[in-house]
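Reviewing the structure listed below.
Residue numbers (the working numbering), protein chains in the order written: chain A, 2 to 165; chain B, 21 to 454.
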């Protein structure tokens with residue numbers, strides 16, 4: 002029951018994050034379009050284009066990591082694991098989920114430290130002076146939905162093993 | 021432990037992590053950071069992890085991947101593949117094996133707007149396979165041809181594989197794009213030869229389709245108009261230096277979107293789905309590059325890359341022998357790993373060897389992309405073959421893998437031609453400035 006709720010919540014949260022990602026991606030495309038049309042037709046490029054596009058890419062990609070995992074888009078070598086007996090496969094899935102979970106705890110924590118350091122140092126983009134700290138902090142925060150996705154996967158493997 | 025021992029253990033741990041099924045991007049970053057912990061201490065290593073990943077996501081050159089992937093995704097959703105196939109079908113369908121040849125031609129045309137092999141195989145497969153079934157084509161030829169033709173999607177510009185190779189090796193994306201044109205045409209011609217040969221040996225394998233008049237053939241060419249316009253605008257703009265690669269990608273993505281809307285192929289839901297599809301593919305590729313960057317730092321500090329270079333330059337082999345070894349490694353890994361991870365993992369390791377031996381990096385890029393395309397159809401992990409299996413569920417996977425055999429031979433022949441005559445890949449890049 003709790004596991005179902007966790008799975009649902011992780012999907013829901015990833016779903017919210019992916020809308021932010023979609024918004025970031027479409028803005029990237031739109032601004033680059035405006036820049037091309039403005040520069041080539043009217044001699045008016047978007048000032049500081051890369052200062053806008055680069056942070057947008059961080060937001061779009063980081064926000065989509067959990068959704069991409071749910072969609073099975075992060076490439077895995079499953080050739081070996083899929084030939085194993087079901088029980089061993091479940092154990093392997095549990096182990097890989099736990100390892101990846103650990104990785105995202107590490108990444109979230111270190112990303113937070115890194116974001117704070119950029120914020121403290123007052124790092125900004127070169128032209129428009131957009132602060133980079135909040136962008137890096139957002140990237141770190143994006144490890145929350147992916148953490149929940151792998152936690153649900155890990156607990157699901159445990160539950161499956163517990164049923165035997 | 022010496023740094024090189026740590027590096028070699030790291031490679032072993034990475035292979036283990038991959039084989040137990042950890043997503044490749046995360047395995048690369050995790051093994052990379054753990055290895056760095058041993059080499060430079062935990063404080064410095066843990067600081068490198070978020071910095072490397074942030075810098076890759078923040079990189080402007082990488083926005084070109086995002087834009088071209090989005091363009092391919094919109095092209096996939098807006099029916100451009102179907103129109104390419106309809107034209108090829110009308111023009112070539114009456115020939116023996118004509119529908120298979122039409123599939124190759126349509127894949128070449130669709131590759132001009134879509135940089136993904138899997139998307140090309142899926143698009144052409146969905147349209148061509150039912151048609152070939154209708155005309156009683158053999159399952160092995162039909163599925164083998166479509167799965168193999170998918171590789172044209174990453175050889176014809178724009179190509180996601182060339183973009184990633186260009187980013188990793190700091191080569192001009194425009195030159196890499198243009199370098200794939202002649203090899204793609206040669207590959208398409210060799211595929212056609214393989215189909216004709218198979219049909220001559222066994223005419224029952226691919227009976228001729230319906231005849232069409234010359235007028236119908238000429239009229240059908242209009243089906244290629246939007247593909248042609250997009251290709252000329254985006255690639256022409258890029259090759260002439262009018263657009264930067266990111267601008268070309270954004271113009272292509274926007275243009276494809278407008279065509280999809282104008283032709284009423286993309287409604288609001290279709291647009292959102294295509295955007296999400298493009299987003300997750302771009303996310304997968306950028307995560308791989310970010311993971312490979314962390315791992316690459318570990319490899320550089322462990323001196324494995326320089327030791328590999330020293331070892332290979334010390335081998336009593338001519339340069340072509342070294343190239344053959346590298347190709348063999350790519351081919352073997354390609355049987356197990358998908359295109360992007362293959363390029364992201366192996367190119368940084370081998371690229372110093374390529375430059376040390378004086379190989380042309382653009383030419384080498386074409387060879388790598390051809391090898392990556394072969395990897396898409398070789399068992400046990402042939403992504404294009406799996407995609408075709410998804411479309412033609414009644415055909416056993418074994419039949420698909422049997423069907424791709426003549427096309428693997430065609431790939432090897434094309435590789436041999438490109439290796440023997442590097443000008444095929446380097447002539448067009450020498451003409452453009454960007």
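All residues carry an ideal CB built from backbone N, CA and C; glycine is no exception.
Within 8 Å, strictly: CB atoms of residue i and residue j
| i | j | result |
| --- | --- | --- |
| residue 396 of chain B | residue 359 of chain B | yes |
| residue 114 of chain B | residue 151 of chain B | no |
| residue 61 of chain B | residue 322 of chain B | no |
| residue 340 of chain B | residue 373 of chain B | no |
| residue 258 of chain B | residue 194 of chain B | yes |
| residue 272 of chain B | residue 247 of chain B | no |
| residue 111 of chain A | residue 69 of chain B | yes |
| residue 1 of chain B | residue 297 of chain B | In the structure as shown, chain B begins at 21 and stops at 454. Residue 1 of chain B is therefore absent and cannot be evaluated. |
| residue 467 of chain B | residue 393 of chain B | This structure cannot settle anything about residue 467 of chain B, because the visible part of chain B is limited to 21 through 454. |
| residue 74 of chain B | residue 113 of chain A | no |
| residue 411 of chain B | residue 149 of chain B | yes |
| residue 116 of chain B | residue 203 of chain B | no |
| residue 138 of chain B | residue 101 of chain B | no |
| residue 240 of chain B | residue 448 of chain B | no |
| residue 85 of chain A | residue 93 of chain A | yes |
| residue 75 of chain A | residue 439 of chain B | no |
| residue 63 of chain A | residue 29 of chain A | no |
| residue 66 of chain A | residue 42 of chain B | no |
| residue 130 of chain A | residue 11 of chain A | no |
| residue 133 of chain B | residue 251 of chain B | yes |
Close beta carbons around residue i, own chain, < 6 Å, minus the five adjacent residues each side
| i | result |
| --- | --- |
| residue 312 of chain B | 48 and 364 |
| residue 33 of chain B | 51 |
| residue 53 of chain A | 32 |
| residue 146 of chain B | 411 |
| residue 165 of chain B | 120 and 123 |
| residue 144 of chain A | 105, 108 and 109 |
Host alpha helix (DSSP H) of residue i (start-end)
| i | result |
| --- | --- |
| residue 108 of chain B | 100–112 |
| residue 267 of chain B | 265–282 |
| residue 334 of chain B | 324–334 |
| residue 34 of chain A | 3–43 |
| residue 221 of chain B | 201–221 |
| residue 186 of chain B | 180–189 |
| residue 360 of chain B | 359–376 |
| residue 246 of chain B | 245–259 |
| residue 91 of chain A | 87–122 |
| residue 89 of chain B | 83–97 |
| residue 171 of chain A | This structure cannot settle anything about residue 171 of chain A, because the visible part of chain A is limited to 2 through 165. |
| residue 75 of chain A | Neither: residue 75 of chain A is in no alpha helix (DSSP H) and is coded neither H nor E. |
| residue 226 of chain B | Unbroken run through residue 226 of chain B: none, as it is neither H nor E. |
| residue 350 of chain B | 339–354 |
| residue 159 of chain B | 159–169 |
| residue 28 of chain B | 23–39 |
Burial state of residue i, where buried means 16 or more other Cβ atoms lie within 10 Å
| i | result |
| --- | --- |
| residue 89 of chain A | exposed |
| residue 331 of chain B | exposed |
| residue 15 of chain A | buried |
| residue 287 of chain B | exposed |
| residue 20 of chain A | exposed |
| residue 121 of chain A | exposed |
| residue 131 of chain B | buried |
| residue 208 of chain B | buried |
| residue 350 of chain B | buried |
| residue 63 of chain B | exposed |
| residue 127 of chain A | exposed |
Straight-line gap, residue i to residue j (C-alpha atoms, nearest Å)
| i | j | result |
| --- | --- | --- |
| residue 378 of chain B | residue 182 of chain B | 20 Å |
| residue 417 of chain B | residue 143 of chain B | 19 Å |
| residue 172 of chain B | residue 302 of chain B | 20 Å |
| residue 384 of chain B | residue 446 of chain B | 10 Å |
| residue 126 of chain B | residue 106 of chain B | 8 Å |
| residue 105 of chain A | residue 120 of chain B | 47 Å |
| residue 89 of chain B | residue 179 of chain B | 9 Å |
| residue 140 of chain B | residue 137 of chain A | 36 Å |
| residue 161 of chain A | residue 91 of chain A | 7 Å |
| residue 158 of chain B | residue 424 of chain B | 13 Å |
| residue 107 of chain A | residue 345 of chain B | 38 Å |
| residue 164 of chain A | residue 186 of chain B | 50 Å |
| residue 117 of chain A | residue 132 of chain A | 11 Å |
| residue 505 of chain B | residue 317 of chain B | Because residue 505 of chain B is not part of the residues shown, which for chain B are 21 to 454, the question remains open. |
Own chain residues within Cβ distance below 8 Å of residue i, not counting five before or after
| i | result |
| --- | --- |
| residue 156 of chain A | 4 and 7 |
| residue 50 of chain A | 32, 33 and 36 |
Own chain, CB closer than 7 Å to residue i, minus 5 neighbours either side, in chain order
| i | result |
| --- | --- |
| residue 98 of chain A | 151, 154, 155 and 158 |
| residue 17 of chain B | One cannot answer for residue 17 of chain B here, as it falls past the ends of chain B, which runs 21 to 454. |
| residue 227 of chain B | 155 and 156 |
Going along the region 82–94 of chain A in order, which residues come within less than 8 Å of chain D, judged by CB to CB distance? Of the protein chains in this structure, namely A and B, none is chain D.
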